[in-house]
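Taking the working numbering, the leading residue of the sequence shown gets 414, the next gets one more, and so forth.
Ideal Cβ placement from N, Cα and C applies to all residues, glycine included.
Computed from a prediction, not measured in an experiment: that's the story for all the values here.
Okay, so here's the structure we're looking at.
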Amino acid sequence: MGVLHASYGLGAFAAPLVSTQFSQQEQWSFHYLISMGIALVSLAMTVGVFRFKRQDDLILTEPSSERSEVAIKSTYKHIFTQKFVIILAAFILIYVGIEVSIGGWIVTFLINRRGGGPSSGYVSSGFFGGMTLGRILLLPVNQKIGKQRVIYIYTALVIALQFTVWFVPSLIENAIAVSFVGLFLGPVYPVSINVAAEILPTWLLVGAIGFIGAFGQAGSAVFPFMTGGFWAPPLINVESCEC
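In structure tokens, the structure reads:
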């Protein structure tokens, strides 16, 4: 799961590198053509791997005796009644919202508060690059410390590093700290999904992860919007914000 989600981090690492270059060109909108091309390649690979097969053809299901106990209710009704799923979905909503907010707004923060230039976009790549490495390099740490305990440790480290970004007026320090924020923030999502996979029955797992993931995407839409609203509506000017 860590390697799978690291591929997401790798894509997020590459995107600011490309977009920063295009932002300095006259035809910057060509960036979207590259994004569309990558999306089409991803679609073709997905079709090639799954070949339009149904869920039951791809995963092993639980014995019919277990499924018969819940036959009178739909799968999603059971998902909504699982307290663990609701709590994890709320946690992932906050997590993904924070992740996307940091990865996006850090560029504006550095430009306005630290005097960074157009190259500040590369700091966003450093954040997502750290996330990619964290999801791979910290796998042994996750196993040794324990999945649930390690989330508390990573969260504490992320908060401490984020405080240094806010209160240390150094562009270089902020860029390095943000990279380490990504390093420790990265493993949290795959570790959380692994915990869900250990707790939930197989027949409920796909729907539950889809529900949790949907909440995460909602967070990626809501939190950056809230961040922009808190900073200085309607213009982006963080000079009046102390955090």
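Residue of the options minimising C-alpha distance to residue i
{"i": "A634", "options": "A621, W579, L506, L617", "result": "L506"}
{"i": "V509", "options": "L598, E439, G530", "result": "L598"}
{"i": "R526", "options": "T488, K466, V578", "result": "V578"}
{"i": "G424", "options": "S448, F504, S442", "result": "S448"}
{"i": "V601", "options": "Q440, A427, I511, N587", "result": "I511"}
{"i": "N555", "options": "S592, R464, P603, A631", "result": "P603"}
{"i": "L570", "options": "P582, R548, F593, E586", "result": "F593"}
{"i": "V608", "options": "F504, S455, A452", "result": "F504"}
C-alpha gap between residue i and residue j, whole angstroms
{"i": "L501", "j": "A610", "result": "12 Å"}
{"i": "P531", "j": "L551", "result": "32 Å"}
{"i": "T488", "j": "K496", "result": "15 Å"}
{"i": "G450", "j": "F580", "result": "41 Å"}
{"i": "I572", "j": "G516", "result": "15 Å"}
{"i": "G529", "j": "Y421", "result": "27 Å"}
{"i": "S442", "j": "T494", "result": "45 Å"}
{"i": "P637", "j": "I519", "result": "11 Å"}
{"i": "I549", "j": "Y567", "result": "15 Å"}
Cβ of residue i within 8 Å of any chain D Cβ
{"i": "F580", "result": "The chain labelled as chain D is not found in the depicted structure, where only one protein chain is given."}
Anticipated Cβ contact below 8 Å, residue i with residue j, distance rounded
{"i": "P429", "j": "S538", "result": "4 Å"}
{"i": "I625", "j": "V498", "result": "7 Å"}
{"i": "A621", "j": "I492", "result": "5 Å"}
{"i": "L584", "j": "L523", "result": "6 Å"}
{"i": "T640", "j": "Y535", "result": "Not really, about 20 Å apart at Cβ, beyond 8 Å."}
Cβ pair count under 8 Å reaching 3, the segment 613-622 against the segment 544-564: The answer is no - the segment 544-564 does not touch the segment 613-622, with fewer than three Cβ pairs under 8 Å.
The segment 543-554 / the segment 579-598 touching (three or more Cβ pairs under 8 Å): Short answer: they touch.
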